[in-house]
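Asks: Residue numbers (this note's numbering): 56 to 457.
From the three backbone atoms N, C-alpha and C, an ideal C-beta is built for every residue, glycine too.
Once you've had a glance at the structure underneath, I'll fire off some questions.
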Ligand SMILES: Nc1ncnc2c1ncn2[C@@H]1O[C@H](COP(=O)(O)OP(=O)(O)OP(=O)(O)O)[C@@H](O)[C@H]1O
Ligand SMILES: [Mg+2]
C-alpha cells in the first residue's frame, strides 16, 4: 500500500495535483483512493462530484472521500466533550463558550490522521493520495503522531482532574452519573494504537510526501521551511511539483520576457534546493482542471512514463557516522535559522529543537558512552559531534552557526 501526501501553500494547486495523481494511477490500474484531509474541502469541486466521508466511486479504480473530522471527534470523544461542556456550564459559563472550551486542541487533526490510517490499513486500496490542508496545519498534521502524545497527555490531565477533582463537585451540582475514567481511557487507547501504526507507516518507505509549489519566491520559501520540518521529523519527501508553469508559447511573447527569466531561475532554484527529490513540471492549463478526464490528462503531462505511485526521488535524511576521528550525527536542515536551533542529549536520545518544535532521536547503541562535544550548523546541515568521555552528557547546546 502506497501513501502519498500532497502539501504546499494555500492555492498552489494541491487538490488539483492530488486528484490528477489519483486519476492517472486509477487509469493505469491501481485501486486508488483520493482523500481530502483539508477541513475546507474542495476535492469534490475538482472532481466534479459531491463527496462525503464514505468513499464515492468516481471512475473505474478511483474512489474519493472528504474526511469529516468533526464527526470522528464526536464519535471518539463526544462523551468527553459533552462532559466538559456540562462542567463549564455549571460553572456559569455561557452555552456557546462552554461548547468552544470543550473542543480539545488538536483533536480534529488527530481524528483526520486516524481516518487516514483506518483507510490505509483497510486493504481496500493499492494507493491512497491525501490532499492536505495548506502547509502550516498540514505539517502539524503529518508530524502529529510525533507530537500527539503531548495532546493526549493534555487529555489525560483533564481526565485525571475530571475523575479526582471535579467529579465529586459536579456530581453534587448535576446530580447525574458522570463518565468514568474508563471512557477517557478507551478513547485514548484507540487513538494511541491507531496513531502508533500511522507513525510507523509515515516513517516507512511506503509513504512519500510531495510538495507543490508555483514559480513564486514566497511559495518556494514556505516549501523550504516545510523541507526543514520533513528533515526534522524524518519524513520522506520524494518530489516537488512545480505547478502553473507558463508554456513555451506564452514565454515567447515579448510581454512575458521577464516571466520567462524568473520562471527559469526559480525552476533551477527549486531543482537545486530540493535535490535529490525529483522535480515534476506541471504546466498552466488554459482553464481550471476539473473532472476525471481532464485530471487524468493532466496527470499524463505531469508523470509521463513515470509511475505516479512510485518513489520518484530520494529525500534528505539524517546520517550517523562513526570513525577513528569520532562520532557524528548529521542532519540536513535546509533554510533553517540556526539561532532557533537547540540540541541536547538526554539519556540515550538526542533532542533537537527548531523554532519551538522538538524531536527526539534515539541514538544508536554505539553512541551510548559518548557525550555531545560540539554542535555546528554549516552548509545548511546540523552536525552534532560526540566525544568519548565518562558519564552521559545532559547539557543543552546552541549551535555555533558558522
Ligand atoms: N496547472 C493548472 N492550470 C490551470 N489551473 C490550475 C492549475 N493548477 C491549479 N489550477 C486552478 O487553481 C485553483 C486552485 O487550485 P487548487 O484548489 O488545486 O489549489 P489548492 O492548493 O488545493 O488550494 P487550497 O490551499 O485552497 O486548498 C483551482 O481553480 C484550480 O483549478
Ligand atoms: Mg485544496
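For residue 110, which of helix, strand or coil comes out of DSSP?
Replies: In the structure shown, residue 110 sits in coil (DSSP, three-state: anything other than H, G, I, E or B).
Asks: For residue 295, verify whether its CB is less than 7 angstroms away from any heavy atom of ligand 1.
Replies: No, since every heavy atom of ligand 1 falls outside the 7 angstroms radius drawn around the Cβ of residue 295.
Asks: Specify which residues have a beta carbon nearer than 7 angstroms to any heavy atom of ligand 2, listing them in chain order.
Replies: Going along the chain, the residues that qualify are 69, 70, 93, 97, 186.
Asks: Please indicate yes or no: does the CB of residue 339 lie closer than 7 angstroms to some heavy atom of ligand 1?
Replies: Yes; taking the cut-off as 7 angstroms, the Cβ of residue 339 has a heavy atom of ligand 1 nearer than that.
Asks: Taking only three categories from DSSP, how would you classify residue 292?
Replies: It is a strand residue.
Asks: Ends of the alpha helix (DSSP H) at residue 117?
Replies: Segment 117-121 is the beta strand (DSSP E) holding residue 117; no alpha helix (DSSP H) there.
Asks: Name the residue from 58, 66, 71, 63 whose alpha carbon lies nearest to the alpha carbon of residue 346.
Replies: Checking every option, the nearest Cα to that of residue 346 belongs to 71.
Asks: With distances taken between CB atoms, is the gap from residue 92 to residue 67 smaller than 8 angstroms?
Replies: In this structure, residue 67 does not lie closer than 8 angstroms to residue 92 by Cβ.
Asks: Buried or exposed for residue 163, going by 16 or more other Cβ atoms inside 10 Å?
Replies: Answer is buried; the Cβ neighbour count reaches 16.
Asks: Can you list, in chain order, the residues of its chain with a C-beta nearer than 7 angstroms to that of residue 316? Leave out the 5 residues immediately preceding and following it.
Replies: Around residue 316: no qualifying Cβ.
Asks: What number of angstroms, rounded off, separates the C-alpha of residue 166 from the C-alpha of residue 404?
Replies: Cα-Cα distance, rounded: 29 angstroms.
Asks: What three-state label does DSSP hand residue 164 in the structure shown?
Replies: Here residue 164 sits in helix by DSSP.
Asks: Identify which residue in 114, 90, 117 has its Cα closest to the Cα of residue 107.
Replies: The option with the nearest alpha carbon to residue 107 is 90.
Asks: Just to confirm the assignment, what range does the alpha helix (DSSP H) spanning residue 283 have?
Replies: 272-287 is the span of the alpha helix (DSSP H), which, as asked, contains residue 283.
Asks: Do the region 291-298 and the region 393-411 make contact, defined as three or more Cβ pairs closer than 8 angstroms?
Replies: The region 291-298 vs the region 393-411: no contact.
Asks: Is residue 435 near ligand 1, with its Cβ less than 7 angstroms from a heavy atom?
Replies: No; taking the cut-off as 7 angstroms, the Cβ of residue 435 has no heavy atom of ligand 1 nearer than that.
Asks: Could you tell me whether the Cβ atoms of residue 325 and residue 334 are closer together than 8 angstroms?
Replies: The answer is yes: Cβ separation under 8 angstroms.
Asks: Does any heavy atom of ligand 1 sit closer than 7 angstroms to the C-beta of residue 128?
Replies: No, since every heavy atom of ligand 1 falls outside the 7 angstroms radius drawn around the Cβ of residue 128.
Asks: Following the continuous beta strand (DSSP E) through residue 408, name the residue where it begins and the one where it ends.
Replies: Note, residue 408: beta strand (DSSP E), 404-409.
Asks: Please determine if the region 428-439 and the region 373-392 are in contact, where contact requires at least 3 C-beta pairs separated by less than 8 angstroms.
Replies: The region 428-439 vs the region 373-392: in contact.
Asks: How is the beta strand (DSSP E) around residue 378 delimited, first residue to last?
Replies: Where residue 378 is concerned, the enclosing beta strand (DSSP E) stretches over 374-378.
Asks: Can you tell me whether residue 334 is helix, strand or coil according to DSSP?
Replies: The answer is strand: DSSP assigns residue 334 an E or B state.
Asks: Do residue 365 and residue 464 have their beta-carbon atoms positioned less than 8 angstroms apart in this structure?
Replies: Beyond the ends of the chain as shown, which are 56 and 457, falls residue 464; an answer cannot be given.
Asks: Measure the C-alpha to C-alpha separation of residue 56 and residue 413 and round it to an integer number of angstroms.
Replies: Their backbone Cα atoms lie some 29 angstroms apart in a straight line.
Asks: What is the DSSP secondary structure of residue 100, counted as helix, strand or coil?
Replies: In the structure shown, residue 100 sits in a helix (DSSP, three-state: H, G or I).
Asks: Considering only residues of the same chain and omitting the five flanking positions on each side of residue 422, which have a CB-CB separation below 7 angstroms?
Replies: Taken in chain order, the residues that qualify are 382, 441.
Asks: According to the neighbour-count rule (16 or more other Cβ atoms, all chains shown, within 10 Å of its Cβ), is residue 177 buried or exposed?
Replies: Its Cβ having fewer than 16 others within 10 Å, residue 177 is exposed.
Asks: Using a beta-carbon distance below 8 angstroms, is residue 266 in contact with chain D?
Replies: Within the model displayed, chain D is absent; a lone protein chain is all it includes.
Asks: Spatial neighbours of residue 349 within its chain, please: C-beta separation below 6 angstroms, excluding the five flanking residues on both sides.
Replies: So the list is empty, once near-sequence residues are dropped.
Asks: Can residue 102 and residue 81 be called in contact, C-beta distance under 8 angstroms?
Replies: No, the pair does not count as a contact, with Cβ atoms beyond the cut-off.
Asks: If you check the beta carbons only, do residue 180 and residue 306 fall under 8 angstroms apart?
Replies: No.
Asks: Closest by CA to residue 173, which one among 252, 126, 189, 408?
Replies: Out of 252, 126, 189, 408, 252 has the C-alpha closest to the C-alpha of residue 173.
Asks: Output yes or no for whether 8 angstroms exceeds the beta carbon distance between residue 274 and residue 64.
Replies: The answer is yes: Cβ separation under 8 angstroms.
Asks: Which word fits residue 182, buried or exposed, when buried means at least 16 other C-beta atoms lie within 10 angstroms of its C-beta?
Replies: Answer is buried; the Cβ neighbour count reaches 16.
Asks: Along the chain, where does the alpha helix (DSSP H) containing residue 439 start, and where does it finish?
Replies: Element bounds for residue 439: not the alpha helix (DSSP H) but the beta strand (DSSP E), 436-443.
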